[in-house]
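Chains as they are written, first to last, in our numbering: chain A, 1 to 297; chain B, 1001 to 1445.
The beta-carbon is built from N, C-alpha and C at its ideal position, and this holds for glycine as well.
Here the structure is a predicted model, which means the values were calculated and not measured.
Each remark here refers to the structure printed beneath this line.
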Amino acid sequence: MAGNASRFSSVKEVIARLRQVDYIADTRVATAVYLADRLGKPLLIEGPAGVGKTELAKSVSASTDLKLVRLQCYEGLDEARALYEWNYRKQLLRIQADEAREHHWEEIEESIFDEPFLLERPLLHAIRAADPVVLLVDEIDRTEFEFEAFLLELLSDFQVTIPELGTMKARNIPMVFLTSNATRELSEALKRRCLYLHLDYPDSEREREIVLTRVPQLPESIADQLVRLIRAMRQLELKKRPSISESIDWARTLVELGVETLDETTTQETLNVVLKYRQDLERVAQQLKLPPSPHHN
Amino acid sequence: MLARLQAFADKLRQAGVPISNHEMLVTAEALGYLDFSDRESFKWGLASAMCRAPGHLEVFSTLFDLFFAPESNVDIDVDLDTIPPELAELDDADLLETILKALREGRDGELRRLARAVLDRLAAEASGGFLLYRALRFLDLDRLLQRLEEREGVDEWERALWRMEVKTRLDRLRQILEQEVRRRMVADRGAEDVADRILRVPLEERDFATITSDEVSEVRRAVVSLARRLSTRLQKLRKQGARGRLDMRKTFRKSLGTGGTMIDPQFKVRSKSRPDLVLLCDVSGSVAAFTRFTLLLVACLQLQFPRIRSFLFIDTVDEVTETLKTTDPADAIPKALQIANVVWLDGHSDYGHSFKQFHDRYLEAVNDRTHVLVLGDARSNYRNPEAWVLKDVRDQAKRVWWLNPESQQHWDTGDSVMSAYAEHCDAVHECRNLRQLAGFIERLA
């Protein structure tokens, strides 16, 4: 495919290079990234909050030295915010300035629908960039169906059409990552254009490795205990299950506090880093038979 | 290889994974880049091209193990085909002790080896699904759980933590057993035949009556996530419908920024009323699963239904609105069932008496904005249906709906008096699985 110089030569290389930027990927994650790169297809990453979906895109960008272009989605996001917009204030100024000099309308029209009046938004930026980029469309499930439909042209052909300027084709195929928390079902058409990766909580060995990589000052014995606790908590029916980002936060907190063992007291004192709801805290405390909290926070 | 892949894809389709020709093309293209000798990578590479939802992955995994079973045991780090003779010679009690030890240490390879030893031992008497059943009985997971929980020589803290971990270990053992039994079945009968036997109907289409107690929490999670999806969708629909007539005043005001040119028209916001709900739920054994999930679904949609009053009944009726409101929906329902005073005589469903009680005590709950939703199978044990109550309710309410978890062909058979009640309902719907339930709730909101 034109302009698609693959960035990785094997699954092993993906793992190794992601590790260099402190992202611990297993074979499953690495294979999906590798295929997305090789096939020039977007990768749709789904999974609970805080398991490293966004982080994966960032790490791929860092490990390949490609610039990261990020589009954060939200409800009501439209083309003008995502793709491009004509800078109409500047256009008005131009028209007013030209009126004094009695230009023909055709001339004015031609001049105001041109590059200097174009406001480039992330998607157009990714398409027009001189060097290949990593495009991250974050939390796509927050947008409306219409926006998804609009993304389709971009994702399948890597081109966009601006009526006044014509169709623009990507100079380089960007690596595209879409993330979703699955708060709603994405359209079939969109899914079909992507490869799919479901990121879930990692197994205990990988989680331990992630925590130790991110917080190298953490003693290994505490890391073992921490991972055990976190995994046990995930088994419970909680409102918000602790994810990897909570494990890392917890590890950081323990290091800051200079904790030497993770026992009842230290757990009880720091558990609010891990659990965000009072009911969750109570449930875990009850399961672990923690002493009642001495002070209210 | 391609033929194998095609057969694999066919089975996936049967199991409800929508694989179009497009996906097959992508898969074929992906094959060119995958390393067949790395089974793990091969598997997940295929998955990324063929699956599109977490639910698909589970089916995918099961079927992949059937269709692309490793010829040697390269994926498992211990040599499994040779079960050491000392394992075969152990008597049953000692074998169980060894398994307990392996569970405590949590070593996967060892567990698998032991699972095979157990199956070998029982294979003479049983095969297939029955073999799994026999193996589970032999192991007696409940007893194993008890034994695992007892641990000497550790402090209270370690014991509490251990108790939280133990269940995962046992789940793992059960998983390994299932895999091993399947592997045997494939060797006997071939992958495709086995695939047909074990494919499960997707959770959303499972008949409520067939949901076992093991699956309840799984279904509960599905209901909660369904509620979340429904809720986002309904909010959006509502927002779209909320745009009313052009608001000239606002539009003028906005146009000041563009020198009086009106380029951004503003609209009035139309408010749409949300239905008041009165839920009247039969919670007797025969329909308990169905009503429980319906209650949960509705409770999770509080944003859509700010005013719900819930009543439970078996042979008399009780209100549980407050209990459901004050606690987290997932905890609330078992609690409500515990507190509610729904048995009057003998604990057999009595629709007539329950309805009459509702009429006497709670009729004020129903007004001209109320949608009344009756959940039940209308099986009243040959007692007087007292259908006139429903007529009275309907005269006062905006709408009366009835959801029946039984298949329509069973209505009015035996002690079912569905049609006597149906006369006084705006509509009666068959509601046997989550999909039908979600469809109804969506139309209602």
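Review point. Residue 1248(B) by DSSP, collapsed to three states: which one?
Key: helix
- Looking at the C-beta of residue 1037(B), does it have a partner C-beta in chain A at a distance below 8 Å? no
Margin query: Once the 5 residues before and after residue 1170(B) are set aside, which same chain residues still bring their CB inside 8 Å of it?
Written below: 1103, 1141, 1144, 1145 and 1148
Along the stretch 1289-1306 of chain B, where does the CB come closer than 9 Å to a CB of chain A? Name the residues.
none
Is the CB of residue 1108(B) under 8 Å away from at least one CB in chain A? no
- Query: Cα separation between residue 1441(B) and residue 1405(B)?
  - Reply: 15 Å
Is residue 306(A) close to chain B? Criterion is C-beta to C-beta, closer than 8 Å.
This structure cannot settle anything about residue 306(A), because the visible part of chain A is limited to 1 through 297.
Per-residue burial, residue 1249(B) [other beta carbons within 10 Å of its own, 16 or more giving buried] = Label assigned to residue 1249(B): exposed.
message = In whole angstroms, give me the CA-to-CA distance for residue 53(A) and residue 60(A).
response = 11 Å
Check the DSSP bridge columns for residue 159(A) and list the partner residues they point to.
-> In the DSSP assignment, residue 159(A) is bridged to 169(A).
| request: Would you mind working out which of 1400(B), 1020(B) and 1135(B) sits nearest residue 1177(B), comparing C-alpha positions? | output: 1135(B)
### Query
At what residues does the alpha helix (DSSP H) containing residue 1401(B) begin and finish?
No alpha helix (DSSP H) contains residue 1401(B), which is instead part of the beta strand (DSSP E) from 1399-1404.
Cross-chain neighbours of residue 287(A) in chain B, by beta carbon under 8 Å
1160, 1163 and 1164
| Contact between the stretch 1338-1346 of chain B and the stretch 1317-1326 of chain B (3+ Cβ pairs under 8 Å) | yes
Requested in this report: Give the DSSP bridge partners of residue 67(A), in chain order.
Outcome: 133(A)
Where do the N-terminal and C-terminal ends of the beta strand (DSSP E) with residue 179(A) fall, by residue? Residues 175-180.
Open item on the list: Distance check for residue 1290(B) and residue 1349(B), CA to CA, integer angstroms please.
Closed with: 15 Å
Review point. Can you tell which of 146(A), 33(A), 7(A) and 219(A) has its C-alpha closest to the C-alpha of residue 45(A)?
Key: 33(A)
#### Entry: Contact under 8 Å by Cβ, residue 195(A) with residue 36(A)
yes
Report yes or no: do the stretch 140-154 of chain A and the stretch 109-119 of chain A share at least 3 C-beta pairs separated by less than 8 Å? no
- Compare the C-alpha of residue 1294(B) against each of 1373(B), 1094(B) and 1266(B) and name the closest. Residue 1294(B) has its Cα closest to that of 1373(B), out of 1373(B), 1094(B) and 1266(B).
Margin query: Suppose the cutoff is 8 Å on Cβ atoms and the five residues either side in sequence are ignored; what does the same chain contact list for residue 268(A) look like?
Written below: 285, 290, 291 and 293
>> Is residue 1156(B) close to chain A? Criterion is C-beta to C-beta, closer than 8 Å.
In response: yes
Would you identify the three-state DSSP class for residue 1140(B), choosing helix, strand or coil? In the three-state reduction of the DSSP assignment, residue 1140(B) falls in the coil class.
*asked:* According to DSSP, is residue 1369(B) part of a helix, a strand, or is it coil?
replied: coil
Just to confirm before moving on: does the CB-CB distance between residue 186(A) and residue 51(A) stay below 8 Å? For residue 186(A) and residue 51(A), no; Cβs fall outside 8 Å.
message = Considering only DSSP beta bridges, list what residue 196(A) is partnered with.
response = 44(A)
How far does the alpha helix (DSSP H) with residue 976(B) in it extend, from its first residue to its last?
Residue 976(B) lies beyond the stretch modelled for chain B, which goes from 1001 to 1445, so this question has no answer here.
Notebook entry, point to check: Can you find a CB in chain A that lies within less than 8 Å of the CB of residue 1152(B)?
Noted result: no
### Task
Could you tell me if residue 145(A) is buried or exposed, where buried requires 16 or more neighbouring beta carbons within 10 angstroms of its beta carbon?
exposed
Coil, strand or helix - residue 1431(B) by DSSP
Looking at residue 1431(B) - three-state DSSP - the assignment turns out to be coil, as it is neither helix nor strand.
How would you call residue 1376(B), buried or exposed, if buried means at least 16 neighbouring beta carbons within 10 angstroms?
buried
- Task: Check each candidate in 1090(B), 1012(B), 1416(B) and 1438(B) and name the one with the smallest Cα separation from residue 1064(B).
- Result: 1012(B)
Practice prompt. Flag residue 1437(B) as yes if its beta-carbon sits less than 8 Å from any beta-carbon of chain A, otherwise no.
Written response: no
Against chain A, which members of the stretch 1039-1073 of chain B pass a CB distance test of less than 7 Å?
1040, 1041, 1044, 1045, 1048, 1049, 1051, 1052, 1054 and 1057
**Prompt:** In chain order, what residues of the stretch 244-271 of chain A put their CB closer than 7 Å to some CB of chain B?
**Reply:** Taken in chain order, the members of the stretch 244-271 of chain A whose beta-carbon sits within less than 7 Å of a beta-carbon on chain B are 263 and 264.
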